[in-house]
Amino acid sequence: MSDRKKSPDGAAIKLLLPLIEAMRWGQPQRISEASESIVSAIEESHPAVAKKLRALTANSHTATVNLAAKVEGLVHFEEAGHGFEAVVLPAAVEAECRAIIEEHHRRNELASFSLNPRHRVLLHGAPGNGKTLLAEALAHELGVPFLRVRYGRLIGSLMGETGRNLDLLMEYAATAPCVLFLDEFDVVGMDRHQGGDVGEARRITNQLLIILERLPSTCMFLAATNANGLIDKALLRRFDFVIEIPSPGVDLQRQCAARELAPTLTPGHDVSKLAERVASLGLDSLYEVVELCRRIRRDLVLQQGGSIDALLGNVPSAEEVLDRNGVQLVADPFKCLPEPTP
Ligand SMILES: Nc1ncnc2c1ncn2[C@@H]1O[C@H](COP(=O)(O)OP(=O)(O)OP(=O)(O)O)[C@@H](O)[C@H]1O
Ligand SMILES: [Mg+2]
118 MSDRKKSPDG AAIKLLLPLI EAMRWGQPQR ISEASESIVS AIEESHPAVA KKLRALTANS
178 HTATVNLAAK VEGLVHFEEA GHGFEAVVLP AAVEAECRAI IEEHHRRNEL ASFSLNPRHR
238 VLLHGAPGNG KTLLAEALAH ELGVPFLRVR YGRLIGSLMG ETGRNLDLLM EYAATAPCVL
298 FLDEFDVVGM DRHQGGDVGE ARRITNQLLI ILERLPSTCM FLAATNANGL IDKALLRRFD
358 FVIEIPSPGV DLQRQCAARE LAPTLTPGHD VSKLAERVAS LGLDSLYEVV ELCRRIRRDL
418 VLQQGGSIDA LLGNVPSAEE VLDRNGVQLV ADPFKCLPEP TP
């Protein structure tokens with residue numbers, strides 16, 4: 118590495134990115150951390166600039182900072198740590214997701230044809246097959262922050278409170294490019310004609326309809342549910358993409374198991390062939406596939422693989438897990454297998 122690259126100025130330039138992002142999103146804590154890091158990097162070489170920067174970034178009271186304070190607790194601001202490489206997906210789903218990302222990366226070309234990238238996406242499918250994992254990957258691939266909505270505070274007990282919270286959230290999400298993620302979307306997007314408090318549910322759905330119309334295309338509105346049938350039909354129609362994450366067949370399970378049992382994850386062992394056997398067990402979700410593979414890896418470390426056969430082949434049938442009194446101990450045969458003792 119050259120001296121120029123190692124210089125304090127070089128370090129300060131890199132730190133400009135988190136500073137600008139924190140200012141954009143109105144986050145005083147991150148602003149002061151990033152600013153202090155820059156100040157320490159340039160204090161010796163540019164003392165006057167350092168002093169001015171410290172004064173400029175101290176006690177910011179911009180409109181965005183005020184808005185960010187209002188949405189505190191409604192949304193969790195995250196940097197997604199993985200891209201598509203971390204998610205095992207059917208080829209068609211992956212292709213669709215890559216096409217969505219491409220629209221966003223080529224937004225300027227679309228704009229010259231008076232078009233915006235499509236940005237309202239609903240992921241649905243049975244639990245444990247990667248909806249949340251994929252949502253994070255989409256944010257990572259777009260290179261934007263991942264704003265995870267927290268229902269605890271969003272759903273207010275007072276009349277109209279949920280609506281006001283939704284408005285604030287949308288105003289904040291329109292600040293700059295981001296993914297706004299609403300997991301378990303059925304909680305707010307339930308059919309207006311179902312459920313208990315029909316009046317309030319109707320108001321919330323109507324408001325979501327307006328929000329979905331108004332939200333700028335710089336914000337990807339990403340919702341996930343495993344109860345697609347409960348979602349209001351008018352809301353469903355507002356999504357540009359409704360993507361099913363199907364329950365995994367043998368091929369996908371094998372692919373997922375092969376990754377989890379890759380020799381790089383089992384130093385000194387090669388159990389990659391077991392992927393086939395894991396896939397043949399017909400587990401319900403990729404979550405279960407991943408968990409079983411992790412048990413196998415743990416067993417390799419703790420018992421030199423002594424319980425792998427039991428984990429895979431000799432899975433006792435439901436009858437075999439009856440205790441002496443004839444009482445069934447566990448419904449799931451895997452759960453009866455003891456965790457290897459450390
Ligand atoms: N497609 C996948 N690729 C890789 N790992 C997966 C996949 N699906 C599930 N997993 C594993 O299972 C865990 C749970 O997956 P995830 O939370 O994304 O499922 P989900 O579809 O969002 O489930 P839910 O409907 O319960 O919210 C992941 O953290 C990962 O370890
Ligand atoms: Mg999920």
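The numbers in the working numbering rise by one with no breaks, and the one at position 13 of the sequence shown is 130. Note that CB positions come from ideal geometry on N, CA and C, so glycine has one too. As the structure is a computational prediction, the values presented were derived from the model and not from experiment.
Assign residue i to one of two classes, buried (16 or more other C-beta atoms within 10 Å of its C-beta) or exposed (fewer than that).
{"i": "T179", "result": "exposed"}
{"i": "S231", "result": "exposed"}
{"i": "E253", "result": "buried"}
{"i": "D74", "result": "With the chain running from 118 to 459 in the structure shown, residue 74 is simply not present."}
{"i": "E436", "result": "Summary for E436: the model assigns pLDDT 48, below 50, so the residue's position carries little reliability; its value from the coordinates is reported in the next sentence. With fewer than 16 Cβ atoms within 10 Å of its Cβ, E436 is classed as exposed."}
{"i": "L250", "result": "buried"}
{"i": "N225", "result": "exposed"}
{"i": "R411", "result": "exposed"}
{"i": "E330", "result": "exposed"}
{"i": "A165", "result": "exposed"}
{"i": "H257", "result": "buried"}
{"i": "G143", "result": "buried"}
{"i": "D126", "result": "exposed"}
{"i": "S434", "result": "Because the pLDDT of S434 is 43, which lies under 50, any placement of that residue in the model is unreliable, and the number read from its coordinates should be weighed accordingly. Classification of S434: exposed, given that the 10 Å Cβ count is below 16."}
{"i": "I362", "result": "buried"}
{"i": "T383", "result": "buried"}
{"i": "L136", "result": "buried"}
{"i": "I327", "result": "exposed"}
Which residue or residues does DSSP assign as beta-bridge partners of residue i?
{"i": "T342", "result": "H241"}
{"i": "F194", "result": "L264"}
{"i": "E361", "result": "H241"}
{"i": "C295", "result": "C336"}
{"i": "E189", "result": "V192"}
{"i": "I348", "result": "M307"}
Going by alpha carbons, who is nearest to residue i out of the options?
{"i": "T356", "options": "V367, S334, G366", "result": "Reading off the sequence, residue 356 comes out as Phe, not Thr. Comparing Cα positions, the closest option is S334."}
{"i": "G385", "options": "L417, G366, R411, V407", "result": "L417"}
{"i": "Q370", "options": "Q324, G423, V406", "result": "V406"}
{"i": "R147", "options": "L409, T174, D426, A427", "result": "T174"}
{"i": "N183", "options": "A165, R141, H199", "result": "R141"}
{"i": "L132", "options": "Q144, P145, E153", "result": "E153"}
{"i": "D349", "options": "V266, Q324, Y404", "result": "Q324"}
{"i": "A243", "options": "G273, A344, H199", "result": "A344"}
{"i": "I130", "options": "P145, S149, A158", "result": "A158"}
{"i": "A374", "options": "Y404, E361, V359", "result": "Y404"}
{"i": "S397", "options": "E211, V367, L275, E408", "result": "V367"}
{"i": "L240", "options": "A139, L255, D426, E150", "result": "L255"}
{"i": "E301", "options": "D126, L285, A340", "result": "A340"}
{"i": "L283", "options": "A208, I272, T292", "result": "I272"}
{"i": "V395", "options": "Q421, R270, P365, Q420", "result": "P365"}
{"i": "M276", "options": "Q420, V238, E317", "result": "E317"}
{"i": "A151", "options": "E138, L352, I217", "result": "E138"}
Measure the beta-carbon distance from residue i to residue j and round it to whole angstroms, keeping in mind my assumption that it falls under 8 Å.
{"i": "A338", "j": "H236", "result": "Note that residue 338 is Phe in the sequence shown, not Ala. Contact holds; Cβ gap of about 6 Å."}
{"i": "V156", "j": "L170", "result": "6 Å"}
{"i": "G247", "j": "L206", "result": "7 Å"}
{"i": "F263", "j": "E189", "result": "Actually they are not in contact, since the Cβ atoms of F263 and E189 sit about 17 Å apart, beyond 8 Å."}
{"i": "L400", "j": "L409", "result": "7 Å"}
{"i": "R304", "j": "L286", "result": "Reading the sequence as shown, one finds Val at residue 304 and not Arg. Incorrect: roughly 14 Å between the Cβ atoms, too far for contact."}
Exercise for review: Check each residue's C-beta against every heavy atom of ligand 2 and list, in chain order, those closer than 6 Å.
Suggested key: K248, T249, D300, A341
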